[in-house]
Amino acid sequence: MDVQRGHCWRCEKVLPQQILACHRCNMAVYCSKACRRRDEARHSSVECQMFSPRQCENCAKTAPSMSECAGCNDAWYCNRNCQRTDWKSHKSICKEVQASIRSLAETLQLRRSPTDKTSRDFPYYIGNIIAIDLLQLDNNEMKAEVMGDELSRDYHILSVGCGNLRNMVLTAGSLPDDYQGKLHITLNDYDPFVMARNVLLLFMLVRFADDDDVASSLTTIWYSLHLPKREYDMIKTSLDELIQSNAKQIFDATKGLVKVLEEDLSPMRKIWEQWQSMECQRDKSNSINLGEQRKVLFQNANMAHNLSNYFEELSGTEKKMVKHWFDHALFFPTERKQKNIPFDNPTLTGRQPAFTATSQSPEESPFVYSVNTDAFPFSEWDCLRVREKTVGSLSSPMVMYHNYVTDLLQKVKTLILQGRIHVHVSLANCLDFPKHHQSLNMPNYDRIFTSNLADYLGIPTLLQTFKPLLNTNNSFSVIIVTYMNWLGLIPRADTKIMFMLQFMSDKFQECSAAFCEDTKKDFPLGPNNLREYHNNTSYFLQYLRADIMAGGRGIPPLEDVPSFGSVKGYNGMQMRNFRKGMNKLIPFMYRKNARDLTMMNGSDRAVEWCLPESQA
Numbered sequence: 001m002d003v004q005r006g007h008c009w010r011c012e013k014v015l016p017q018q019i020l021a022c023h024r025c026n027m028a029v030y031c032s033k034a035c036r037r038r039d040e041a042r043h044s045s046v047e048c049q050m051f052s053p054r055q056c057e058n059c060a061k062t063a064p065s066m067s068e069c070a071g072c073n074d075a076w077y078c079n080r081n082c083q084r085t086d087w088k089s090h091k092s093i094c095k096e097v098q099a100s101i102r103s104l105a106e107t108l109q110l111r112r113s114p115t116d117k118t119s120r121d122f123p124y125y126i127g128n129i130i131a132i133d134l135l136q137l138d139n140n141e142m143k144a145e146v147m148g149d150e151l152s153r154d155y156h157i158l159s160v161g162c163g164n165l166r167n168m169v170l171t172a173g174s175l176p177d178d179y180q181g182k183l184h185i186t187l188n189d190y191d192p193f194v195m196a197r198n199v200l201l202l203f204m205l206v207r208f209a210d211d212d213d214v215a216s217s218l219t220t221i222w223y224s225l226h227l228p229k230r231e232y233d234m235i236k237t238s239l240d241e242l243i244q245s246n247a248k249q250i251f252d253a254t255k256g257l258v259k260v261l262e263e264d265l266s267p268m269r270k271i272w273e274q275w276q277s278m279e280c281q282r283d284k285s286n287s288i289n290l291g292e293q294r295k296v297l298f299q300n301a302n303m304a305h306n307l308s309n310y311f312e313e314l315s316g317t318e319k320k321m322v323k324h325w326f327d328h329a330l331f332f333p334t335e336r337k338q339k340n341i342p343f344d345n346p347t348l349t350g351r352q353p354a355f356t357a358t359s360q361s362p363e364e365s366p367f368v369y370s371v372n373t374d375a376f377p378f379s380e381w382d383c384l385r386v387r388e389k390t391v392g393s394l395s396s397p398m399v400m401y402h403n404y405v406t407d408l409l410q411k412v413k414t415l416i417l418q419g420r421i422h423v424h425v426s427l428a429n430c431l432d433f434p435k436h437h438q439s440l441n442m443p444n445y446d447r448i449f450t451s452n453l454a455d456y457l458g459i460p461t462l463l464q465t466f467k468p469l470l471n472t473n474n475s476f477s478v479i480i481v482t483y484m485n486w487l488g489l490i491p492r493a494d495t496k497i498m499f500m501l502q503f504m505s506d507k508f509q510e511c512s513a514a515f516c517e518d519t520k521k522d523f524p525l526g527p528n529n530l531r532e533y534h535n536n537t538s539y540f541l542q543y544l545r546a547d548i549m550a551g552g553r554g555i556p557p558l559e560d561v562p563s564f565g566s567v568k569g570y571n572g573m574q575m576r577n578f579r580k581g582m583n584k585l586i587p588f589m590y591r592k593n594a595r596d597l598t599m600m601n602g603s604d605r606a607v608e609w610c611l612p613e614s615q616a
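First residue of the sequence shown: 1, per full-length UniProt numbering; consecutive thereafter.
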């Protein structure tokens with residue numbers, strides 16, 4: 001569940017002293033009977049089924065202490081006698097599940113990425129999933145009574161294979177007011193384009209720190225297709241200085257904020273030189289003309305269909321404003337006319353999608369508009385949190401989001417000026433990063449975020465590679481793993497087929513009815529709308545077991561199908577059991593239909609791995 005602890009699972013308001021819990025699972029909590037009633041269709045579809053006492057497959061009794069079938073993880077029994085009695089009818093189903101796991105493991109083994117994988121996307125200057133606070137101290141280290149020295153201790157975070165700044169900004173901007181320690185963040189991404197932009201933005205935040213509006217300007221530069229002269233000049237000035245600087249000079253100029261190796265600086269410098277040399281004045285004939293390039297990308301039929309569904313989920317006024325935003329792609333604190341903005345944003349240009357870390361130097365790639373069509377400001381930040389921080393009525397979602405990000409950047413700037421945030425930038429391949437970590441004598445981490453590297457490398461490789469980098473002195477240390485592509489490998493687990501069959505599918509009728517009751521809408525627009533009402537958890541368990549069975553880099557595949565129990569304790573780690581409680585950093589799954597502005601697919605899953613004997 002993605003609601004903050006201590007808040008109502010429906011309206012998200014702070015819970016009163018007298019709370020109401022779900023009658024069946026006791027996990028979901030509400031501020032009123034009305035909220036509990038309104039959330040019943042959604043909550044009962046998946047969450048309640050996971051958390052509630054199970055029913056014996058043989059005698060139909062319900063009890064909290066049932067044992068599950070280790071073969072399929074989808075049948076529950078009172079005792080061994082009931083399980084033996086039911087085996088004749090259950091055997092074929094159980095064997096089918098294990099055969100599916102074997103087949104899936106073979107597929108995953110073939111798909112495991114080589115060390116230097118090719119990117120099929122543009123650089124992720126803008127992410128396609130929402131930012132997360134990677135510390136959430138109030139829910140972890142500072143949840144219990146904290147002594148004074150805990151309020152001043154430092155935290156170390158590694159974002160591996162994901163260099164985008166949004167998680168760093170949200171984490172720093174969400175620190176409790178009484179926390180006085182320092183934040184050390186390592187951003188690792190082999191894409192020099194992403195890292196060149198990161199260093200530029202961080203450099204600018206320090207370079208123009210005396211300017212009261214620098215946070216607002218930086219928000220505009222981060223997202224806006226076109227720029228006023230003021231922001232464009234800030235970019236040009238910063239590029240001039242960065243191009244002439246070595247690693248130590250950048251460290252000094254940013255007051256210790258940015259640390260980068262000289263060997264990593266070389267490809268970034270070539271990108272800065274390309275940005276510096278571009279003709280960005282829009283009224284000149286040789287301008288890079290980002291508007292036209294962007295328009296061509298959005299002519300893709302599949303993207304047009306996705307956007308059409310996205311718009312339909314918005315309210316009338318908001319729909320009109322968001323449609324207008326997709327036409328102009330500006331990002332300002334107030335409404336502006338596109339024709340009055342004189343410059344294109346050079347930092348939104350970069351390489352073509354086909355790219356490997358060793359294939360070519362950055363300057364050899366033609367620089368084009370390079371923002372993925374599924375990545376835009378509203379997809380990077382959770383609209384529920386944006387609205388929560390919005391005071392009064394604003395003119396558009398653009399203004400609302402701009403103010404939200406600016407406020408976070410202002411907090412980051414304050415931490416920088418206090419010398420309380422430090423960022424190490426690394427272009428190392430993620431699997432080679434531990435060697436760099438050791439050679440540079442870097443401290444171990446309280447949080448390791450691996451984005452969706454598990455989709456390409458697998459859990460065995462990730463846990464064996466990064467477990468040694470966890471801070472064993474912190475019982476809250478954790479490795480965070482997200483899956484984005486798993487559903488495509490198990491079609492039966494998805495809602496696409498049932499949506500295509502519709503009235504021929506009983507499951508479609510069931511999920512559609514839950515959707516309509518939950519959202520008060522007449523009909524689901526697509527399969528994404530149905531995913532949070534379809535309990536496919538048993539299929540995800542199959543995927544996790546197949547993931548372990550498939551092995552990884554230097555890790556041979558297993559001959560036998562591993563039990564889910566062995567998965568939870570793989571490599572001496574401890575997986576937080578999302579079937580018995582909630583994750584502490586990233587929700588196991590997000591509510592898709594509660595978020596209209598934030599385009600989500602409803603299929604992503606997150607798993608958190610702790611050290612044994614941790615406070616999991």
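The C-beta atom is built at its ideal place from N, Cα and C for all residues, glycine as well.
Beta-carbon gap between residue i and residue j smaller than 8 Å
i	j	result
residue 406	residue 452	no
residue 15	residue 7	yes
residue 377	residue 223	yes
residue 69	residue 75	yes
residue 424	residue 257	no
residue 226	residue 282	yes
residue 90	residue 446	no
residue 38	residue 561	no
residue 294	residue 486	no
residue 596	residue 314	yes
residue 518	residue 34	no
residue 335	residue 395	yes
Candidates the options, of which the one nearest residue i by Cα
i	options	result
residue 543	57, 108, 123	108
residue 207	235, 186, 224	235
residue 327	307, 312, 217, 256	307
residue 230	204, 174, 416	204
residue 454	484, 437, 402	484
residue 111	569, 489, 567, 573	489
residue 589	155, 603, 80	603
residue 609	293, 323, 569	569
residue 261	536, 416, 437	437
residue 380	216, 59, 128	128
residue 349	338, 362, 339	362
residue 375	606, 166, 435	166
residue 429	457, 249, 402, 183	457
residue 172	418, 499, 566	418
Exposed unless 16 or more other CB atoms sit within 10 angstroms - verdict on residue i
i	result
residue 575	buried
residue 397	buried
residue 584	buried
residue 51	buried
residue 180	exposed
residue 353	exposed
residue 83	buried
residue 133	buried
residue 388	exposed
residue 316	exposed
residue 501	exposed
residue 31	buried
residue 524	buried
residue 263	exposed
residue 80	exposed
residue 136	buried
residue 364	exposed
Integer-rounded CB distance, given that residue j should sit under 8 Å from residue i
i	j	result
residue 448	residue 469	6 Å
residue 186	residue 426	6 Å
residue 386	residue 122	Rounded, the Cβ-Cβ distance is 25 Å, inconsistent with contact.
residue 220	residue 332	6 Å
residue 59	residue 93	Not confirmed; about 18 Å, so no contact.
The ligand MG heavy atom lying under 7 Å from the CB of residue i
i	result
residue 184	Summarising the ligand content, the structure contains no ligands, and the ligand MG is consequently not present.
Between the segment 242-261 and the segment 269-284, do three or more beta carbon pairs fall short of 8 Å? yes
With three or more C-beta pairs closer than 8 Å as the rule, is the segment 84-97 touching the segment 336-351? no
Please confirm if the segment 542-559 is in contact with the segment 409-418, defined as three or more CB-CB distances below 8 Å between the two stretches. no
The segment 40-60 in contact with the segment 528-544 per 3-pair CB rule at 8 Å: yes
Counting Cβ pairs closer than 8 Å, one from the segment 193-202 and one from the segment 292-303, do we hit at least three? no
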